[in-house]
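According to our numbering, the sequence shown is numbered sequentially starting from 489.
Below is one structure, written out as structure tokens; the observations come after it.
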Amino acid sequence: MMRRLVSRSTFVVARPIWPPKDNTVPALTVLDLSRFAVCWPAATRTTRGAYTSSIPAWRVLAANGPAAASGARQKQASHCLQTIPKTVNTVGVRGVASDNSRKRHGRSTESNVEGHSIAGSWKQALSPYARLMRIDRPIGSWLLFWPCGWSIALSAPAGCWPDPLMLGLFGVGAFVMRGAGCTINDLWDRDIDAKVERTKHRPLVAGEISPFDALVFLAAQLGVGLTVLLQLNWYSILLGASSLGLVIVYPLMKRITYWPQLMLGATFNWGALLGWSATQGSVDWAACLPLYAAGVCWTIVYDTIYAHQDKVDDLLIGIKSTALRFGDNTKLWLSGFTGVMMVNLMAAGAACDQTWPYYTSVGLIAAHLAQQIHSLNIHNPTDCATKFISNHQVGLILFLGIVLGTLYKGYTDDQRSKTIISPGNTSSNSSNGSATDQLSVAVAGARNIAV
Numbered sequence: 489m490m491r492r493l494v495s496r497s498t499f500v501v502a503r504p505i506w507p508p509k510d511n512t513v514p515a516l517t518v519l520d521l522s523r524f525a526v527c528w529p530a531a532t533r534t535t536r537g538a539y540t541s542s543i544p545a546w547r548v549l550a551a552n553g554p555a556a557a558s559g560a561r562q563k564q565a566s567h568c569l570q571t572i573p574k575t576v577n578t579v580g581v582r583g584v585a586s587d588n589s590r591k592r593h594g595r596s597t598e599s600n601v602e603g604h605s606i607a608g609s610w611k612q613a614l615s616p617y618a619r620l621m622r623i624d625r626p627i628g629s630w631l632l633f634w635p636c637g638w639s640i641a642l643s644a645p646a647g648c649w650p651d652p653l654m655l656g657l658f659g660v661g662a663f664v665m666r667g668a669g670c671t672i673n674d675l676w677d678r679d680i681d682a683k684v685e686r687t688k689h690r691p692l693v694a695g696e697i698s699p700f701d702a703l704v705f706l707a708a709q710l711g712v713g714l715t716v717l718l719q720l721n722w723y724s725i726l727l728g729a730s731s732l733g734l735v736i737v738y739p740l741m742k743r744i745t746y747w748p749q750l751m752l753g754a755t756f757n758w759g760a761l762l763g764w765s766a767t768q769g770s771v772d773w774a775a776c777l778p779l780y781a782a783g784v785c786w787t788i789v790y791d792t793i794y795a796h797q798d799k800v801d802d803l804l805i806g807i808k809s810t811a812l813r814f815g816d817n818t819k820l821w822l823s824g825f826t827g828v829m830m831v832n833l834m835a836a837g838a839a840c841d842q843t844w845p846y847y848t849s850v851g852l853i854a855a856h857l858a859q860q861i862h863s864l865n866i867h868n869p870t871d872c873a874t875k876f877i878s879n880h881q882v883g884l885i886l887f888l889g890i891v892l893g894t895l896y897k898g899y900t901d902d903q904r905s906k907t908i909i910s911p912g913n914t915s916s917n918s919s920n921g922s923a924t925d926q927l928s929v930a931v932a933g934a935r936n937i938a939v
């Protein structure tokens, strides 16, 4: 009975006073405690404020009218619950604003419903695209951004903060291009994703987005990425454009090699080269190549951990990964790549004359990764996901170490220059002064000869 009334009736709202004069009440009563709104089928309504005789005459007292305090209305509502007969069907509904409150805010019930309907339809339409570019999982954007941030911070002059404009541009670029990479990946893998438990509900697989719509969306994302890239110098534009091939080819690697994580590392860490060129106009290979290599090793570590979530499904459908390649020796392999990462970070720091805050951060992330690997349970997908996400902390720690190391380098340079010109170094100052005097005499003699 209740289901039929709800599905076929339109409800109107009034604020009756409880209890009624007799024991007859509407077959369906909907009560909202917060605003004390009671609803019944609109078919019983004759004129505004008047109802047919099938419903008892409800008396609205001034104490419970629209002008009454909310506390008083809530007290009446509480009293209602105590006096409603047990045979009455009651369900909770969202609060209904009074007529006065609607007038004060300048909108009617119909406009509110229409506004909520439009907002809901927009949200429903955009939700698949947001999930396609993984907005709900920002860890991928962070992992793409950190190599860019490292490079920008390393290229900063001694004693200076990294360029905030460049950090902002690369932050937007990382967010957009990570989304574009996910779109490309899902277009390539929609036949595979349908067979994997973790990915079978992705928008393309579920049919929420057609392949054509995904291509249009991809073009829009690449357009935004190109706009960001065009803000850089020409050297960086060419360098950044050259990575697009890696972005397109990477999703295919899992079909032909057990090392797709190596290709992902080459793609994801391109910012280690691009960040330096964006601030300096070219790449310092002595510093950037070790930084790039360290990033590639880091990507192999965290994405191997990530791949262990799907290894059972991957094995069944013939997809390759380093998780399957390493197998039960995963921890040994990851320890080796972590060691290579640390060596390259030390080399990058030496090339940039970094100071002890930088090397301290390298030690901290070494300990962080060692703890990750030691406590990793490769047979527990939840633990693998947790360890994967924690790599955001690795990127942040190294970035802070680079920034603090660069600032401290400027401080030590200032102290060194003050020591050189201090009063205690009078001998060097006098010798420099005598040499300057001799040079001045020589220049004056040359002028006299010329005259």
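Yeah, the Cβ is synthetic: ideal placement off N, Cα and C, and Gly gets one too.
Source: prediction; values computed, not measured.
Roughly how many angstroms lie between the CA atoms of Asn879 and Ile853, to the nearest whole one? 9 Å
Among Tyr896, Gly889, Tyr899 and Met654, which one has its Cα closest to the Cα of Gly769? Met654
Beta-carbon proximity of Gly883 to Val850, cut-off 9 Å: no
Could you give the distance in angstroms between the alpha-carbon of Gln860 and the alpha-carbon of Ile866? 11 Å
Neighbourhood of Gly898 by C-beta, 8 Å cutoff - its chain only, sequence neighbours within 5 removed: Pro645, Ala646, Gly647 and Cys648
Among the residues of its own chain, which have a CB less than 7 Å from the CB of Leu706, if the five just before and after it don't count? Ala668, Thr671 and Ile672
Ignore the nearest five residues each way along the sequence and tell me which others in Tyr617's own chain have a CB closer than 8 Å to its CB. Pro691, Ile697 and Phe705
Asp624: buried (16+ other C-beta within 10 angstroms of its C-beta) or exposed? exposed
Backbone CA spacing between Phe814 and Ile807 [nearest angstrom]: 14 Å
Residue range of the alpha helix (DSSP H) that includes Trp975: Outside the shown range of the chain, which is 489 to 939, sits residue 975, and nothing can be said about it.
So for Gly669, helix, strand or coil by DSSP? helix
Under 9 Å between the Cβ atoms of Phe876 and Tyr790? yes
Below 8 Å on the Cβ atoms is my guess for Val891 versus Pro650; work out the distance and round it to an integer in Å. 6 Å
Count Cβ pairs between the segment 753 to 767 and the segment 714 to 726 that sit closer than 8 Å; are there 3 or more? yes
Integer Cβ distance of Asp674 from Leu614, believed to fall under 8 Å: That pair is no contact at about 17 Å.
Tell me the start and end of each unbroken alpha helix (DSSP H) in the segment 828 to 878 that is at least 4 residues and wholly inside, in chain order. 844 to 863 and 869 to 877
With three or more C-beta pairs closer than 8 Å as the rule, is the segment 777 to 790 touching the segment 724 to 743? no
Taking the Cβ atom as the reference point for each residue, do Val712 and Leu657 lie within a distance shorter than 9 Å? no
By how many angstroms is the C-alpha of Ala838 removed from the C-alpha of Val828? 16 Å
Identify whether Ser629 lies in helix, strand or coil by the three-state DSSP scheme. helix
How long is the line joining the alpha carbons of Ala754 and Pro635, rounded to whole angstroms? 11 Å
Should Ser609 be labelled buried (16 or more other beta-carbon atoms within 10 Å of its own) or exposed? exposed
Kindly indicate which residue of Ile627, Ala702, Asn832 and Gln749 has the alpha-carbon position closest to the one of Arg678. Ala702
Exposed or buried, which one is Val784 when buried takes at least 16 other CB atoms within 10 Å? buried
Quick check on the burial criterion: 16 or more other C-beta atoms within 10 angstroms. Buried or exposed for His796? buried
Boundaries of the alpha helix (DSSP H) in which Gly815 is found, first to last residue: It is not in any alpha helix (DSSP H) - Gly815 carries neither H nor E in the DSSP assignment.
N-terminal and C-terminal residue of the alpha helix (DSSP H) that Pro739 is part of: Leu732 to Met741
Can you grab the Cα-Cα spacing for the pair Gly824 / Asp902, in whole Å? 40 Å
Go to Gly763, then tell me how far its alpha helix (DSSP H) extends in each direction, as first and last residue. Gly759 to Gln768
Assigned secondary structure, Leu642 (DSSP; H/G/I helix, E/B strand, else coil): helix
Does the beta-carbon distance from Leu812 to Leu803 come in below 9 Å? yes
Using the C-alpha atoms, what's the distance from Thr687 back to Gly695? 13 Å
Whose C-beta lies closer than 6 Å to the C-beta of Leu710 among residues of the same chain, with five residues either side of it excluded? Ala668
Where Pro650 falls: helix, strand or coil (DSSP): coil
Just verifying my parser: in three-state terms, what is the DSSP assignment at His689? coil
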